[in-house]
Amino acid sequence: MALPSVPFSPSQSSRPALRLVSTKALPREDWLNVRRQGIGSSDAAAAIGLNPYKSQLELWLEKTGRDGLLPKTDPLDEESPAYWGNILEPIVAAHYTRRSGNRVRRINAVLQHPDPQLHWMLANIDREVIGAPDVQILECKTAGINGSRLWKEGVPEYVQLQVQHQLAVAGKAAADVAVLLGGQHLEVHRIHRDEALIARLIQLEAAFWRYVETDTPPPADGSESAEQALRCLYPQDKGIAVDFSTDRNLSATFADWVSVRQTLAETEKLESKLKQYLQQAMGEASRAIFETGEVSWKKAKDSVVLDTARLLADQPDLLKTYGMQRQGSRRFVLA
């Protein structure tokens, strides 16, 4: 698909953002509806296919209101990273002020790009930095044990894109990203406005928004997110057959898929053979050290599990009392 040409002038950086709607007393459902009106800063990386957690197809489902079957994050779920991100945001902001000396305040609004051609560019900004000549925006982040690895080399790409989107919408020059890693290590990274990157970001986001406006699903990218989105978009089959035998592109794709499946099967068999060779050499050893690395082979702790089959055999009425219908899903099977 050819990318649309969207005019962008560096002079736009001095134009303030529009306040689309106040969020101070906005119910969550209304806030989600506002988000569907455009691409927010947290959507930026997904919109251009560079978010490690969300595909373009999943984002498209959200923007077109087709995400009803997608799993939703419960904002009150204490096991959710998003929950702790919200809880810790004011703490991260306070410690940023303590470390940098920069005062910050909430904006309490969804911002919109001032250019009417870019009306779909929206942004929620965590904090506005007050009175500092060299920085205007604060983005607060938290990362747990697993998420911290993405910050080893600085600000992850998807966060950089989020911040550049914010700078584009707000017409600002620089932002600080304050991230709390592992609950006890605070880092502050400065991100300066990059006009060339913003111009390209706008082009790619406009291409995605075209998918939304034309109600055309973007191509799947092979990610788990896209797999989940496809199951949501097409949850049931209609029992009909489609003939793609004269479609050279789809027929070639099918042939490539079959070939890749065969290669994977052969690779998995080889992987098992190599693993078993090492296991046989280790015997009862717990760990083996090699020139280029090491491997462990330890027994997991014993656990107690419920023998459901035996329980139902002894007490079949339990299934009638506590049985629950689980919706089936479509299976993609090579015939």
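For any residue, its number in the numbering used here is found by taking its place in the sequence shown, counting from 1, and adding 838. Virtual Cβ for every residue (Gly too), placed ideally from N, Cα, C.
Strand pairing of residue i, partner residues [DSSP]
i            : result
residue 870  : According to DSSP, residue 870 bridges with nothing at all.
residue 981  : 1019
residue 957  : Beta-bridge pairing links residue 957 to no other residue.
residue 1014 : 976 and 1028
residue 1134 : 1125
residue 856  : 950
residue 886  : Residue 886 is not bridged to any residue.
residue 943  : 966
residue 877  : 959
Separation of residue j from residue i, as counted between CA atoms
i            : j            : result
residue 1167 : residue 1064 : 15 Å
residue 1062 : residue 1169 : 15 Å
residue 1155 : residue 1149 : 10 Å
residue 1002 : residue 1159 : 55 Å
residue 1143 : residue 922  : 31 Å
residue 1165 : residue 898  : 24 Å
residue 1153 : residue 1138 : 31 Å
residue 1099 : residue 1161 : 37 Å
residue 961  : residue 940  : 22 Å
residue 1163 : residue 904  : 23 Å
residue 1125 : residue 1021 : 32 Å
residue 1088 : residue 1082 : 7 Å
residue 842  : residue 1035 : Any reading at residue 842 is ruled out, since the residue's pLDDT is 38, under 50, leaving its predicted position unreliable.
residue 1117 : residue 1105 : 18 Å
residue 1173 : residue 1092 : 12 Å
residue 871  : residue 1056 : 21 Å
residue 907  : residue 1115 : 45 Å
residue 1128 : residue 1134 : 11 Å
residue 937  : residue 1038 : 34 Å
residue 869  : residue 1122 : 58 Å
residue 873  : residue 861  : 12 Å
residue 1145 : residue 1054 : 47 Å
residue 875  : residue 1032 : 25 Å
residue 953  : residue 1045 : 17 Å
residue 844  : residue 853  : Note on residue 844: pLDDT 41, under 50, position unreliable in the model; no value is reported.
residue 1119 : residue 1151 : 43 Å
Nearest-angstrom beta carbon gap, residue j and residue i [assumed within contact, 8 Å]
i            : j            : result
residue 930  : residue 968  : Not quite, the Cβ-Cβ distance comes to about 17 Å (not below 8 Å), so this is no contact.
residue 977  : residue 1026 : With a Cβ gap of about 10 Å, residue 977 and residue 1026 do not count as contacting.
residue 894  : residue 885  : 7 Å
residue 986  : residue 1019 : 5 Å
residue 958  : residue 1047 : 5 Å
residue 814  : residue 955  : Residue 814 is absent from the structure shown; the chain starts at 839 and stops at 1173.
residue 1013 : residue 973  : 7 Å
residue 1076 : residue 1017 : In fact, because the Cβ distance is near 48 Å, the residues do not count as touching under 8 Å.
Residue interval of the alpha helix (DSSP H) (run including residue i)
i            : result
residue 997  : 995 to 1008
residue 1094 : 1086 to 1120
residue 1062 : 1062 to 1071
residue 896  : 894 to 901
residue 1151 : 1146 to 1152
residue 1050 : 1033 to 1051
residue 1159 : 1155 to 1160
C-beta atoms of residue i and residue j nearer than 8 Å
i            : j            : result
residue 998  : residue 1029 : yes
residue 995  : residue 877  : no
residue 949  : residue 857  : yes
residue 920  : residue 859  : no
residue 963  : residue 1004 : yes
residue 896  : residue 1074 : no
residue 855  : residue 951  : yes
residue 1008 : residue 975  : yes
residue 1079 : residue 1068 : no
Endpoints, beta strand (DSSP E) assigned at residue i
i           : result
residue 917 : Careful: residue 917 lies outside any beta strand (DSSP E) and carries neither H nor E.
C-beta neighbour in chain B for residue i, strict 8 Å
i            : result
residue 1020 : You won't find chain B in this structure, because it holds only one protein chain.
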